[in-house]
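Residues -23 to -1, 1 to 111, numbered by mature numbering (1 follows the signal peptide of the UniProt record, and there is no 0), are exactly what the sequence shown covers, in order. All C-beta atoms, glycine included, are put in the ideal place defined by N, C-alpha and C. Worksheet: one structure, shown below.
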Amino acid sequence: MLRTIPIIFAVYSVALLQIPALAQQGPVGAFADTAVGDLVGADVLAADGDPIGEVERLVDVRGEVLAIVGVGGFLGFGEHDVAIPLREFVQAEDSLSLSAYTRSDLQAMIAYQGEGDPLPLDMTVAGSRGDSDG
């Protein structure tokens, strides 16, 4: 029994290293060097892979970067925006995934009220300006 404990711990530790969300610590997760413009417009998937909306914009609220995601509705009618910390997202192939949220969770969230400062599209999430010719 005592010999299996270190083996179980080792397997558990390796498994934890392979979970992308755990690597995304800090206020912006794994997106610090990503251009804001590359995230705005990205499709957002729920935990079950269900498409739930898209990133409308990124805002800074007291030092935390939030993604404003339009959810619900049909063809833009009945849609409401919700604010989700960017660190909650995981980059999927050609979209962003929210492994801790379902469509119902997001639809039940209180609508975003417009607080925070919008991040410019030509900056990285961490605040660096994009390359310029000047």
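Check	Outcome
Cβ contact check for the segment 65 to 78 and the segment 90 to 98: 3 or more pairs under 8 Å	no
When Phe54, Asp27, Phe8 and Ala60 are compared against isoleucine 43, the one with the closest alpha-carbon	A small correction: the amino acid at residue 43 is leucine; isoleucine does not occupy that position in the sequence shown. Comparing Cα-Cα distances from leucine 43 to each of Phe54, Asp27, Phe8 and Ala60, the minimum goes to Ala60.
Backbone secondary structure at glutamine 90 - three-state DSSP	coil
heavy atom of the ligand SAM below 7 Å from threonine 79 C-beta	Ligands displayed in this structure: none; no statement on the ligand SAM is therefore possible.
Local conformation of aspartate 15 per DSSP, three classes	helix
First through last residue of the beta strand (DSSP E) which encompasses arginine 34	28 to 38
DSSP beta-bridge partners of alanine 60	Ile45
Whole-number beta carbon distance between aspartate 37 and glycine 47, since they are thought to touch under 8 Å	With a Cβ gap of about 19 Å, glycine 47 and aspartate 37 do not count as contacting.
Close-in-space but distant-in-sequence residues of the same chain around tyrosine 78 (CB under 7 Å, 5 per side omitted)	Ala23 and Ala24
Three-state secondary structure assigned by DSSP to serine 74	strand
Own chain, CB closer than 6 Å to aspartate 10, minus 5 neighbours either side, in chain order	Thr101
Three-way DSSP call (helix, strand, coil) for phenylalanine 66 in this model	coil
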